[in-house]
Amino acid sequence: MSVPATIRAARIHAFGGPEELRVEEIPAPTAGPGEVLVRVLTAGLNPLDYKMRDGSSGKAKLLTLPAVLGREMTGTVLGAAEDVDLDALGTAVGTQVFGVRGLDDPRGTYAEVIAMPAAELAPVPESSTTDPLAAGGLALAGVTALVTIEDARIREGDTVLIHGGTGGVGQLLIPLALQAGASRVWATGRAANAERITELGGVPIAYDETDWEAAIDEATESRGVDVVLDTHYFTTFAPSLDHLAEGGRIVVLPSLADLSPATARGIDARIPSLAPSRERLDRLAAAWADGTLPLEVGEILPLDDVARGHEQLETGHTRGKLLVDLR
(Lines of atoms letter the chains of each structure in order from A and count residues from 1; the text may use other names and numbers.)
(Lines give C-alpha, C1' and ligand atoms only; values in the text may rest on other atoms or scores of the structure.)
Protein backbone atom coordinates (compact mmCIF):
# COMPACT_ATOMS: atom_id res chain seq x y z
CA MET A 1 0.00 0.00 0.00
CA SER A 2 1.31 3.43 -0.90
CA VAL A 3 1.91 6.17 1.67
CA PRO A 4 0.99 9.75 0.69
CA ALA A 5 3.62 12.48 0.96
CA THR A 6 1.41 14.55 3.24
CA ILE A 7 -1.39 13.69 5.66
CA ARG A 8 -4.04 15.49 7.71
CA ALA A 9 -3.48 15.66 11.47
CA ALA A 10 -4.74 17.56 14.51
CA ARG A 11 -1.96 19.24 16.46
CA ILE A 12 -1.22 22.12 18.79
CA HIS A 13 1.29 24.95 18.33
CA ALA A 14 0.95 26.16 21.94
CA PHE A 15 -0.46 24.83 25.22
CA GLY A 16 -3.95 26.05 26.03
CA GLY A 17 -7.65 25.40 25.47
CA PRO A 18 -9.39 23.26 22.84
CA GLU A 19 -9.11 26.13 20.36
CA GLU A 20 -5.36 25.39 20.14
CA LEU A 21 -6.12 22.20 18.17
CA ARG A 22 -5.60 22.79 14.46
CA VAL A 23 -6.25 20.35 11.64
CA GLU A 24 -3.54 20.80 9.02
CA GLU A 25 -1.39 19.06 6.42
CA ILE A 26 1.92 17.66 7.66
CA PRO A 27 4.58 15.37 6.13
CA ALA A 28 3.77 11.67 6.38
CA PRO A 29 5.96 9.73 8.85
CA THR A 30 8.38 6.94 8.08
CA ALA A 31 8.81 3.78 10.12
CA GLY A 32 11.87 3.72 12.36
CA PRO A 33 13.54 0.55 13.67
CA GLY A 34 10.98 -1.83 15.15
CA GLU A 35 8.06 0.23 13.88
CA VAL A 36 4.96 -0.32 11.76
CA LEU A 37 3.24 2.23 9.51
CA VAL A 38 -0.52 2.35 10.08
CA ARG A 39 -3.27 4.16 8.18
CA VAL A 40 -5.52 5.30 11.02
CA LEU A 41 -9.27 4.64 10.91
CA THR A 42 -10.30 6.01 14.31
CA ALA A 43 -8.38 7.41 17.27
CA GLY A 44 -9.60 7.42 20.86
CA LEU A 45 -10.01 10.61 22.89
CA ASN A 46 -8.93 10.43 26.53
CA PRO A 47 -8.56 12.78 29.52
CA LEU A 48 -4.78 12.49 29.17
CA ASP A 49 -5.10 14.12 25.75
CA TYR A 50 -6.52 17.39 27.07
CA LYS A 51 -4.03 17.39 29.94
CA MET A 52 -1.25 17.13 27.36
CA ARG A 53 -2.94 19.89 25.33
CA ASP A 54 -3.21 22.37 28.21
CA GLY A 55 0.21 21.42 29.63
CA SER A 56 -1.11 20.19 33.00
CA SER A 57 0.17 16.63 32.55
CA GLY A 58 3.73 15.93 33.53
CA LYS A 59 4.06 14.15 30.19
CA ALA A 60 3.46 17.44 28.35
CA LYS A 61 7.14 18.27 28.84
CA LEU A 62 7.96 15.51 26.35
CA LEU A 63 6.15 17.32 23.53
CA THR A 64 8.01 19.33 20.90
CA LEU A 65 5.63 21.92 19.49
CA PRO A 66 3.87 21.82 17.13
CA ALA A 67 2.72 18.39 18.30
CA VAL A 68 0.09 15.87 17.21
CA LEU A 69 -2.03 14.68 20.16
CA GLY A 70 -3.70 11.33 20.90
CA ARG A 71 -2.50 8.07 22.45
CA GLU A 72 -4.53 5.21 20.93
CA MET A 73 -6.04 4.16 17.60
CA THR A 74 -7.10 1.46 15.19
CA GLY A 75 -6.06 1.28 11.56
CA THR A 76 -4.68 -0.87 8.75
CA VAL A 77 -1.05 -1.85 8.31
CA LEU A 78 0.71 -0.09 5.42
CA GLY A 79 4.22 -1.46 5.93
CA ALA A 80 7.06 -1.65 8.42
CA ALA A 81 10.76 -1.13 8.97
CA GLU A 82 13.10 -3.76 7.57
CA ASP A 83 13.68 -5.31 10.99
CA VAL A 84 9.96 -6.04 11.54
CA ASP A 85 8.54 -9.38 10.33
CA LEU A 86 4.88 -8.52 9.87
CA ASP A 87 3.87 -12.06 8.90
CA ALA A 88 5.45 -13.52 12.03
CA LEU A 89 3.52 -11.01 14.14
CA GLY A 90 0.24 -11.84 12.41
CA THR A 91 -0.02 -8.27 11.15
CA ALA A 92 0.57 -8.52 7.40
CA VAL A 93 0.00 -5.47 5.21
CA GLY A 94 -3.74 -4.74 5.14
CA THR A 95 -4.42 -6.20 8.60
CA GLN A 96 -6.52 -4.07 10.94
CA VAL A 97 -4.63 -3.45 14.18
CA PHE A 98 -5.19 -1.45 17.35
CA GLY A 99 -2.80 -0.15 19.95
CA VAL A 100 -1.68 2.53 22.36
CA ARG A 101 1.59 4.44 22.65
CA GLY A 102 3.70 4.02 25.76
CA LEU A 103 3.75 7.06 28.03
CA ASP A 104 7.30 7.98 27.04
CA ASP A 105 6.43 8.20 23.33
CA PRO A 106 5.23 11.79 22.71
CA ARG A 107 4.03 11.19 19.15
CA GLY A 108 0.28 11.39 18.70
CA THR A 109 -2.41 9.38 16.94
CA TYR A 110 -4.75 12.11 15.62
CA ALA A 111 -3.24 11.67 12.15
CA GLU A 112 -4.14 9.81 8.97
CA VAL A 113 -0.87 7.83 9.02
CA ILE A 114 1.34 7.09 12.03
CA ALA A 115 4.40 5.02 12.92
CA MET A 116 3.98 2.77 15.98
CA PRO A 117 6.30 0.28 17.70
CA ALA A 118 5.28 -3.22 16.64
CA ALA A 119 5.17 -4.31 20.30
CA GLU A 120 2.36 -1.80 20.96
CA LEU A 121 0.03 -3.18 18.29
CA ALA A 122 -2.19 -6.25 17.98
CA PRO A 123 -4.63 -7.52 15.33
CA VAL A 124 -8.30 -6.62 15.68
CA PRO A 125 -10.22 -9.92 15.86
CA GLU A 126 -13.06 -10.60 13.48
CA SER A 127 -16.34 -10.65 15.40
CA SER A 128 -19.99 -10.48 14.46
CA THR A 129 -20.80 -8.63 17.69
CA THR A 130 -18.34 -5.73 17.59
CA ASP A 131 -17.80 -2.67 15.40
CA PRO A 132 -14.19 -2.71 14.15
CA LEU A 133 -14.06 1.09 14.29
CA ALA A 134 -14.66 0.93 18.05
CA ALA A 135 -11.24 -0.69 18.47
CA GLY A 136 -9.83 2.83 18.23
CA GLY A 137 -10.98 3.36 21.82
CA LEU A 138 -10.12 -0.05 23.26
CA ALA A 139 -6.39 -0.01 23.92
CA LEU A 140 -5.78 2.83 26.38
CA ALA A 141 -8.92 2.30 28.46
CA GLY A 142 -8.46 -1.46 28.27
CA VAL A 143 -4.82 -1.58 29.30
CA THR A 144 -5.52 0.96 32.06
CA ALA A 145 -8.39 -1.18 33.34
CA LEU A 146 -6.30 -4.37 33.26
CA VAL A 147 -3.42 -2.79 35.19
CA THR A 148 -5.85 -1.19 37.66
CA ILE A 149 -7.39 -4.59 38.44
CA GLU A 150 -3.92 -6.14 38.80
CA ASP A 151 -2.88 -3.39 41.24
CA ALA A 152 -6.11 -3.75 43.23
CA ARG A 153 -5.38 -7.45 43.89
CA ILE A 154 -9.07 -8.27 44.16
CA ARG A 155 -9.69 -11.49 46.06
CA GLU A 156 -12.65 -13.87 45.95
CA GLY A 157 -15.54 -12.30 47.82
CA ASP A 158 -14.14 -8.75 47.95
CA THR A 159 -16.53 -5.81 47.73
CA VAL A 160 -15.59 -3.02 45.31
CA LEU A 161 -16.58 0.62 44.80
CA ILE A 162 -15.85 2.22 41.42
CA HIS A 163 -16.03 5.97 41.01
CA GLY A 164 -17.02 6.81 37.43
CA GLY A 165 -18.69 3.57 36.38
CA THR A 166 -19.92 4.79 33.00
CA GLY A 167 -16.73 6.41 31.68
CA GLY A 168 -14.48 4.70 29.15
CA VAL A 169 -12.38 2.95 31.82
CA GLY A 170 -15.14 2.57 34.41
CA GLN A 171 -17.31 0.50 32.09
CA LEU A 172 -14.47 -1.98 31.70
CA LEU A 173 -13.60 -2.06 35.40
CA ILE A 174 -17.04 -3.35 36.43
CA PRO A 175 -16.92 -6.68 34.51
CA LEU A 176 -13.19 -7.09 35.17
CA ALA A 177 -13.71 -6.70 38.94
CA LEU A 178 -16.47 -9.31 38.86
CA GLN A 179 -14.31 -11.67 36.80
CA ALA A 180 -11.51 -11.21 39.36
CA GLY A 181 -13.82 -12.54 42.11
CA ALA A 182 -15.61 -9.51 43.55
CA SER A 183 -18.86 -10.49 45.24
CA ARG A 184 -20.45 -7.08 44.69
CA VAL A 185 -19.45 -3.98 42.73
CA TRP A 186 -21.01 -0.58 43.37
CA ALA A 187 -20.36 2.10 40.77
CA THR A 188 -21.12 5.80 40.88
CA GLY A 189 -22.56 7.61 37.91
CA ARG A 190 -25.33 9.98 36.96
CA ALA A 191 -28.89 8.74 37.43
CA ALA A 192 -29.40 8.82 33.66
CA ASN A 193 -26.68 6.17 33.29
CA ALA A 194 -27.76 3.84 36.11
CA GLU A 195 -29.21 1.32 33.68
CA ARG A 196 -25.83 0.94 31.95
CA ILE A 197 -24.11 0.14 35.27
CA THR A 198 -26.74 -2.50 35.97
CA GLU A 199 -26.25 -4.01 32.50
CA LEU A 200 -22.54 -4.41 33.27
CA GLY A 201 -23.29 -6.27 36.51
CA GLY A 202 -22.74 -3.39 38.94
CA VAL A 203 -24.96 -1.75 41.53
CA PRO A 204 -25.51 1.89 40.55
CA ILE A 205 -25.17 4.82 42.95
CA ALA A 206 -26.57 7.96 41.33
CA TYR A 207 -24.26 10.64 42.70
CA ASP A 208 -26.47 13.42 41.30
CA GLU A 209 -29.43 12.18 43.35
CA THR A 210 -27.84 10.29 46.26
CA ASP A 211 -25.09 10.84 48.82
CA TRP A 212 -22.73 8.08 47.75
CA GLU A 213 -21.01 7.99 51.15
CA ALA A 214 -24.30 7.38 52.96
CA ALA A 215 -25.27 4.77 50.36
CA ILE A 216 -22.05 2.81 50.90
CA ASP A 217 -22.36 3.03 54.68
CA GLU A 218 -25.89 1.68 54.50
CA ALA A 219 -25.04 -1.07 52.01
CA THR A 220 -22.02 -2.29 54.00
CA GLU A 221 -23.45 -1.61 57.48
CA SER A 222 -20.60 0.92 57.90
CA ARG A 223 -17.95 -1.77 57.38
CA GLY A 224 -16.77 -0.17 54.15
CA VAL A 225 -15.58 -1.82 50.94
CA ASP A 226 -12.46 -3.86 50.39
CA VAL A 227 -11.37 -2.02 47.24
CA VAL A 228 -11.96 1.43 45.76
CA LEU A 229 -11.16 2.03 42.09
CA ASP A 230 -11.21 5.80 41.62
CA THR A 231 -11.28 7.17 38.08
CA HIS A 232 -12.16 10.69 39.33
CA TYR A 233 -9.80 11.36 42.29
CA PHE A 234 -10.22 15.11 42.83
CA THR A 235 -13.49 15.07 44.77
CA THR A 236 -13.68 11.38 45.64
CA PHE A 237 -10.24 10.25 46.82
CA ALA A 238 -10.13 11.72 50.34
CA PRO A 239 -13.75 10.81 51.24
CA SER A 240 -13.21 7.26 49.95
CA LEU A 241 -10.51 6.64 52.56
CA ASP A 242 -13.20 6.78 55.24
CA HIS A 243 -15.19 4.04 53.52
CA LEU A 244 -12.53 1.37 53.20
CA ALA A 245 -12.76 -1.76 55.31
CA GLU A 246 -9.76 -2.75 57.44
CA GLY A 247 -6.97 -3.82 55.10
CA GLY A 248 -8.71 -2.18 52.15
CA ARG A 249 -6.94 -0.93 49.04
CA ILE A 250 -7.49 2.04 46.76
CA VAL A 251 -6.27 2.53 43.19
CA VAL A 252 -6.55 6.00 41.64
CA LEU A 253 -6.11 6.66 37.96
CA PRO A 254 -4.73 10.22 37.52
CA SER A 255 -0.96 9.86 37.23
CA LEU A 256 -0.32 13.01 39.30
CA ALA A 257 -2.56 11.98 42.20
CA ASP A 258 -1.19 12.68 45.69
CA LEU A 259 -1.39 9.42 47.62
CA SER A 260 0.03 10.81 50.87
CA PRO A 261 -3.36 11.17 52.65
CA ALA A 262 -3.78 7.41 52.24
CA THR A 263 -0.24 6.32 53.00
CA ALA A 264 -0.20 8.51 56.14
CA ARG A 265 -3.06 6.36 57.40
CA GLY A 266 -1.36 3.11 56.45
CA ILE A 267 -3.75 2.50 53.55
CA ASP A 268 -2.47 0.66 50.47
CA ALA A 269 -2.87 3.21 47.66
CA ARG A 270 -1.55 2.88 44.12
CA ILE A 271 -1.52 4.62 40.75
CA PRO A 272 -1.54 2.19 37.79
CA SER A 273 1.22 2.64 35.24
CA LEU A 274 0.18 2.36 31.60
CA ALA A 275 2.27 -0.48 30.21
CA PRO A 276 1.05 -1.64 26.79
CA SER A 277 2.24 -5.01 25.55
CA ARG A 278 1.21 -7.45 22.85
CA GLU A 279 0.11 -9.93 25.54
CA ARG A 280 -2.22 -7.42 27.21
CA LEU A 281 -3.59 -6.20 23.87
CA ASP A 282 -4.31 -9.76 22.78
CA ARG A 283 -6.17 -10.40 26.06
CA LEU A 284 -8.25 -7.28 25.50
CA ALA A 285 -9.03 -8.19 21.91
CA ALA A 286 -10.20 -11.69 22.82
CA ALA A 287 -12.41 -10.50 25.68
CA TRP A 288 -13.88 -7.73 23.52
CA ALA A 289 -14.61 -10.11 20.65
CA ASP A 290 -16.39 -12.69 22.84
CA GLY A 291 -18.44 -10.05 24.64
CA THR A 292 -16.99 -10.54 28.13
CA LEU A 293 -15.46 -7.06 28.01
CA PRO A 294 -17.96 -4.66 26.41
CA LEU A 295 -16.91 -1.29 25.04
CA GLU A 296 -19.47 1.46 24.55
CA VAL A 297 -18.73 4.19 22.03
CA GLY A 298 -20.42 7.45 22.96
CA GLU A 299 -19.73 9.30 19.71
CA ILE A 300 -17.49 9.21 16.65
CA LEU A 301 -16.51 12.76 15.67
CA PRO A 302 -15.04 13.98 12.37
CA LEU A 303 -11.41 15.06 12.65
CA ASP A 304 -12.46 18.68 12.18
CA ASP A 305 -14.53 18.41 15.39
CA VAL A 306 -11.72 17.11 17.58
CA ALA A 307 -11.77 20.33 19.66
CA ARG A 308 -15.43 19.68 20.50
CA GLY A 309 -14.43 16.25 21.69
CA HIS A 310 -11.89 17.81 24.05
CA GLU A 311 -14.57 20.15 25.38
CA GLN A 312 -16.76 17.15 26.16
CA LEU A 313 -13.92 15.35 27.91
CA GLU A 314 -13.24 18.32 30.15
CA THR A 315 -16.79 18.26 31.50
CA GLY A 316 -15.98 14.94 33.18
CA HIS A 317 -19.42 13.61 32.21
CA THR A 318 -18.83 11.70 28.99
CA ARG A 319 -20.37 8.24 28.75
CA GLY A 320 -18.36 5.54 27.02
CA LYS A 321 -15.57 6.34 24.58
CA LEU A 322 -15.25 9.31 22.25
CA LEU A 323 -13.51 8.61 18.95
CA VAL A 324 -12.29 10.79 16.10
CA ASP A 325 -12.77 9.55 12.52
CA LEU A 326 -9.69 9.71 10.26
CA ARG A 327 -10.99 7.71 7.31
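Residues 77 to 403, numbered by the working numbering, are exactly what the sequence shown covers, in order.
All C-beta atoms in this analysis are idealised placements derived from N, C-alpha and C, irrespective of residue type, glycine included.
Status (buried if at least 16 other CB within 10 Å, exposed otherwise) for Lys-137: exposed
From Val-169, Asp-306, Thr-167, residue whose alpha carbon lies closest to that of Val-236: Asp-306
Where Gly-212 falls: helix, strand or coil (DSSP): helix
Simplified DSSP assignment, three categories, for Asp-125: helix
For His-89, the nearest candidate out of Leu-145, Ser-133, Ala-81, Arg-115 (CA to CA): Leu-145
Minimum C-alpha distance to Gly-392 - residue among Asp-380, Asp-302, Thr-368, Thr-242: Thr-242
Residue of Gly-233, Ile-273, Ala-267, Arg-266 minimising C-alpha distance to Leu-249: Ile-273
Sub-8 angstroms separation of Val-160 and Gly-120 beta-carbons: no
Residues near Tyr-405 by beta carbon distance below 8 angstroms, same chain, minus five either side: For residue 405 there is no data in the structure shown, the boundaries of the chain being 77 and 403.
Collapsed DSSP secondary structure at Phe-313 in the structure displayed: helix
Simplified DSSP state of Glu-96, which is helix, strand or coil: When DSSP states are grouped into helix, strand and coil, Glu-96 belongs to the helix group.
In chain order, each beta strand (DSSP E) run of at least 3 residues that lies wholly inside the segment 226–284: 235–239, 260–265, 279–282
Three-state secondary structure (DSSP) of Leu-360: helix
Residue from Ser-349, Glu-158, Leu-154 with nearest C-alpha to Ser-78: Leu-154
Simplified DSSP assignment, three categories, for Asp-306: strand
Closest Cα partner of Gly-213 within the set Ser-349, Thr-150, Asp-334, Ala-221: Thr-150
Cα-Cα separation, Pro-208 to Thr-167: 16 angstroms
Three-state secondary structure assigned by DSSP to Thr-391: helix
Alpha carbon of Glu-372 to alpha carbon of Ala-361, nearest angstrom: Approximately 14 angstroms between the Cα atoms of the pair.
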